[in-house]
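Notes follow once the structure below has been shown.
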Amino acid sequence: MIPNILAGLASLVTFVFVFSLLRRGVLREQYAVLWLIVSATALIFAIVPRALYWVSETVGVATPANLLFFMTVVLLVLVSVQLSYELSRHEARIRRLAEDVALLDQQIRELRSQRDGS
Amino acid sequence: MLVAIPAWNEEGSIADVIAKVREHRPDADILVVNDGSTDETALLATQAGAVVVSLPFNVGVGGAMRTAFLFARREGYQALVQVDADGQHDPADLDRVLGGLDVADVVIGTRFHPDSMYFVGGPRRWAMRLLSFSLSRMNKGAITDPTSGFRSAGPRAIELFAVDYPAEYLGDTVGSLAIAIRRGLVIHETPVTMYFRQTGRPSKNAIWSALYLGRATLALLATGLQGGRKSRGDQS
Numbered sequence: 014m015i016p017n018i019l020a021g022l023a024s025l026v027t028f029v030f031v032f033s034l035l036r037r038g039v040l041r042e043q044y045a046v047l048w049l050i051v052s053a054t055a056l057i058f059a060i061v062p063r064a065l066y067w068v069s070e071t072v073g074v075a076t077p078a079n080l081l082f083f084m085t086v087v088l089l090v091l092v093s094v095q096l097s098y099e100l101s102r103h104e105a106r107i108r109r110l111a112e113d114v115a116l117l118d119q120q121i122r123e124l125r126s127q128r129d130g131s
Numbered sequence: 006m007l008v009a010i011p012a013w014n015e016e017g018s019i020a021d022v023i024a025k026v027r028e029h030r031p032d033a034d035i036l037v038v039n040d041g042s043t044d045e046t047a048l049l050a051t052q053a054g055a056v057v058v059s060l061p062f063n064v065g066v067g068g069a070m071r072t073a074f075l076f077a078r079r080e081g082y083q084a085l086v087q088v089d090a091d092g093q094h095d096p097a098d099l100d101r102v103l104g105g106l107d108v109a110d111v112v113i114g115t116r117f118h119p120d121s122m123y124f125v126g127g128p129r130r131w132a133m134r135l136l137s138f139s140l141s142r143m144n145k146g147a148i149t150d151p152t153s154g155f156r157s158a159g160p161r162a163i164e165l166f167a168v169d170y171p172a173e174y175l176g177d178t179v180g181s182l183a184i185a186i187r188r189g190l191v192i193h194e195t196p197v198t199m200y201f202r203q204t205g206r207p208s209k210n211a212i213w214s215a216l217y218l219g220r221a222t223l224a225l226l227a228t229g230l231q232g233g234r235k236s237r238g239d240q241s
């Protein structure tokens, strides 16, 4: 019973934490929604362990815990790849902005010196 | 004609390089792309009479060069030559590197030529051989020195590189050539003299060259195998 309570508490804390981040506008909803769904699912399994048993039986996994681990690993890998993708995209955009800032800065300096010179 | 010099903390050599370029090509405009230097590179380059574009932080040679190509496109230059700020390229060769542009889109100054006085030995040599072999096969002519940073670009290359110039390790040299070949640009070579770098001499052990080759292959794969895709980070 104690593991269930711990799992339930953990998922509840996660849910509340993510929700508060979303409410304060710190986390964008495209990321928040994923974690809300994940923690809600974990909460359901913690409150009703039978649900997990039922799902693993339906899918054909002998040990329910293994199903849980498998789903966790798949989820984490997908999230990591997604984050790498986002990071690469943002690095490219930041680089592009840096280049434009540098060019604009040079143009401003040139215009200023033209104005002051004439 | 624009001479573009990407520079990252090169206060010791930048003024000298600018002076030498001016000596050999008094007609050239000189652009120094200051790649987030923390020393006096920008000031010294301005004092030496170059136009200085300063990036807010270090983005690597690829980013610095794309900035140079964007500048060249904005100002309507028909030719751009890249010269290193550390003094390893001899501005006396500028005419050679620029000369080929009437028949080619990109001209590379190569170190590996009977007329050159540059020698690379050990595993690094094999890595470079393999790179040059694969790029030469993609290209219509031989590319013996794909990692050379002494090169010129004509109007078509300026247009392409202003939009797409990779920032990854070796992307600025090997990767950009792969992109150019993919787009059907003509690449030629001309022998030049290069001086050994004063500092930061590359090590020559097996692990290093294996890493070098791996990253070079990745650079080739990453940039060479994707035709007609949109440039990253450029939605304009």
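So the protein lines, in turn, are chains A and B.
Residue numbering for the first sequence follows our numbering, beginning at 14 and increasing consecutively.
Residue numbering for the second sequence follows our numbering, beginning at 6 and increasing consecutively.
Note that beta-carbon positions come from the ideal geometry of N, C-alpha and C, so glycine has one too.
Tell me the rounded alpha-carbon separation between residue 69 of chain A and residue 87 of chain A.
16 Å
Count the other CB atoms, across all protein chains shown, that sit within 10 Å of the CB of residue 137 of chain B; report buried if there are 16 or more and exposed otherwise.
buried
Mapping DSSP to helix, strand and coil, what is residue 71 of chain A?
helix
What does residue 172 of chain B reach in chain A if we use C-beta pairs closer than 7 Å?
108
Is any beta-carbon of chain B found at less than 8 Å from that of residue 114 of chain A?
yes
Could you work out which residues of chain B lie near residue 118 of chain A, taking near to mean beta carbons separated by less than 9 Å?
58, 59, 61
Does residue 117 of chain A come out as helix, strand or coil in the three-state DSSP assignment?
helix
Residue 42 of chain B versus B/179, B/101, B/90, residue with shortest Cα-Cα distance
B/90
Is DSSP giving residue 159 of chain B helix, strand or coil here?
coil
Mind the definition here: the region 183-202 of chain B touches the region 85-102 of chain B only if three or more C-beta pairs lie below 8 Å; say whether that holds.
yes
Do the region 100-109 of chain B and the region 150-162 of chain B make contact, defined as three or more Cβ pairs closer than 8 Å?
yes
Anything in chain B within Cβ reach of residue 111 of chain A, meaning under 9 Å, just list it in chain order.
41, 60, 61, 62, 64, 68, 72
How many angstroms separate the CA atom of residue 149 of chain B from the CA atom of residue 120 of chain A?
38 Å
Kindly give me the distance between the Cβ atoms of residue 47 of chain B and residue 39 of chain B, rounded to whole angstroms, as I take these residues to be in contact under 8 Å.
4 Å
Using C-beta distances below 6 Å, list every residue in its chain close to residue 124 of chain A, excluding the 5 sequence neighbours before and after it, in chain order.
none
Selected residue, minimal CA-CA separation from residue 52 of chain B, among B/28, B/61, B/21
B/21
Chain A residues whose Cβ lies nearer than 7 Å to that of residue 75 of chain B
112, 116
Going along chain A, which residues have a C-beta under 9 Å from residue 220 of chain B?
In chain order: nothing, as chain A lies at least about 16 Å away.
Note down, in chain order, every chain A residue with its Cβ under 8 Å from the Cβ of residue 161 of chain B.
Neighbours of residue 161 of chain B on chain A: none; closest Cβ ~21 Å, over 8 Å.
Among B/145, B/60, B/130, which has the Cα closest to the Cα of residue 217 of chain B?
B/130
Contact check, residue 65 of chain B vs residue 172 of chain B, beta carbons under 8 Å
yes
Which one or two residues does DSSP pair with residue 4 of chain B in a beta bridge?
Given a span of 6 to 241 for chain B in the structure shown, any question on residue 4 of chain B remains unanswerable.
Counting Cβ pairs closer than 8 Å, one from the region 16-32 of chain A and one from the region 42-59 of chain A, do we hit at least three?
yes
Can you check whether the CB of residue 76 of chain B is closer than 8 Å to the CB of residue 58 of chain B?
yes
So, at 8 Å on beta carbons, what are the nonlocal neighbours of residue 111 of chain B in its own chain, with the 5 sequence-adjacent residues on each side left out?
156, 157, 158, 159, 162, 182, 185, 190, 191, 192, 193
CA nearest to the CA of residue 31 of chain B, picked from B/180, B/170, B/8
B/8
Burial state of residue 17 of chain A (16 or more Cβ within 10 Å):
exposed
On the DSSP letters alone, give me the boundaries of the alpha helix (DSSP H) that residue 46 of chain B sits inside.
46-52
Against chain A, does residue 79 of chain B count as a neighbour if the rule is that its beta carbon must be under 8 Å from one of theirs?
yes
Within 10 angstroms of its Cβ, does residue 128 of chain A collect 16 or more other Cβ (buried), or is it exposed?
exposed
CB-CB under 8 Å to residue 73 of chain B, same chain, minus the five flanking residues each way: which ones, in chain order?
7, 9, 11, 36, 38, 58, 85, 87
So, is residue 109 of chain A buried or exposed, given that buried needs 16 or more other C-beta atoms within 10 angstroms?
buried
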